[in-house]
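K.L.:
Numbering (full-length UniProt numbering), first residue to last: 1 to 233.
(1) Rounded to whole angstroms, what's the CA-CA distance from residue 192 to residue 89? Just pull it up for me.
(2) Expressed to the nearest angstrom, what Euclidean distance is found between the alpha-carbon atoms of residue 151 and residue 86?
(3) Give the single residue among 108, 76, 78 whose Cα lies nearest to the Cα of residue 177.
(4) Taking the CB atoms as reference points, tell me whether residue 203 and residue 17 lie closer together than 8 Å.
(5) With distances taken from CA atoms, which of 210, 56, 224, 214 is nearest residue 233?
(6) Going by Cα to Cα distance, which pick from 43, 38, 7, 32 is closest to residue 140?
(7) Can you say whether residue 52 is buried or exposed, counting buried as having 16 or more other CB atoms within 10 angstroms of its CB?
(8) Please state the DSSP three-state secondary structure of residue 186.
(9) For residue 227, report the span of its beta strand (DSSP E) as first-last.
(10) Just verifying my parser: in three-state terms, what is the DSSP assignment at residue 91?
(11) Helix or strand or just coil, what does DSSP make of residue 206?
(12) In terms of residues, what are the limits of the beta strand (DSSP E) holding residue 112?
(13) Helix, strand or coil: how does DSSP classify residue 201 here?
(14) Run through DSSP, which three-state label would residue 152 get?
(15) How should residue 119 be labelled, buried or exposed, when 16 other C-beta atoms within 10 angstroms of its C-beta is the threshold for buried?
(16) Taking the straight line between their C-alpha atoms, what separation do you get for residue 92 and residue 65?
(17) Beta-carbon within less than 7 Å of residue 56's beta-carbon, same chain only, minus the 5 sequence neighbours each way: which residues are those?
(18) Taking Cβ positions, are residue 170 and residue 114 nearer each other than 8 Å?
(19) For residue 213, verify whether its CB is less than 7 Å away from any heavy atom of the ligand MN.
(20) Measuring straight from C-alpha to C-alpha, what distance separates residue 13 and residue 26?
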């Protein structure tokens, strides 16, 4: 009787905590997830070490959506919705690679992407770039880019005077795939290089907010307070 009474009391005590943990796990799996950005490929929009909030329901669910689990029984994407130009997405490359990447959608299925040095063309649309109003970095320029849906965002480019290499590349985006680039255009391994075109199944979340920005200073008064809880565009 004493053992039974003790067991009932223990279950009654821990039950609320189990419910809370289960609820958090479900929300993390289905609705949202926190993500610590590992690299600088999205500077100046997102910095390495930024702690960001992502939502997982924007593009539907595939077998890659439930990391660290993989559900091979899911053959197609459930509740799929299409991303648009300029969306900042989180991708999972494959089952064996735990690393997730954050990039921006530049090309949609069927698009032709043409890159002439640092100039970008999407189909017949010449992507406008305005670097007159923004600050210079060391050998780099911060510019504002406007995509076909008129969505604007900042990018970082190597200063033309220090970039003497000229190149032209043309990419034809297959169906069900997307062309992704980092905002740090000269320091991002993306669809131009090893990443290649990204299948819709590998889009697992959309980046929404920088919750806590990275900062090298231990003094909180020196942190960039404007970036706390800042909306990502």
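All C-beta atoms in this analysis are idealised placements derived from N, C-alpha and C, irrespective of residue type, glycine included.
Values in this document were obtained by computation on a predicted structure and should not be read as measured data.
P.N.:
In short:
(1) 16 Å
(2) 6 Å
(3) 108
(4) no
(5) 210
(6) Ranking the options by Cα distance to residue 140, first place goes to 43.
(7) Answer is buried; the Cβ neighbour count reaches 16.
(8) Coil, per DSSP.
(9) Careful: residue 227 lies outside any beta strand (DSSP E) and carries neither H nor E.
(10) strand
(11) The answer is strand: DSSP assigns residue 206 an E or B state.
(12) 112-116
(13) helix
(14) strand
(15) By the neighbour-count rule (16 or more Cβ atoms within 10 Å), residue 119 is not buried but exposed.
(16) Computed Cα separation, rounded: 8 Å.
(17) 30, 31, 32, 33, 65, 204, 205
(18) Residue 170 is a Cβ neighbour of residue 114, given a cutoff of 8 Å.
(19) Although the ligand MN was asked about, the structure shown includes no ligands whatsoever.
(20) 22 Å
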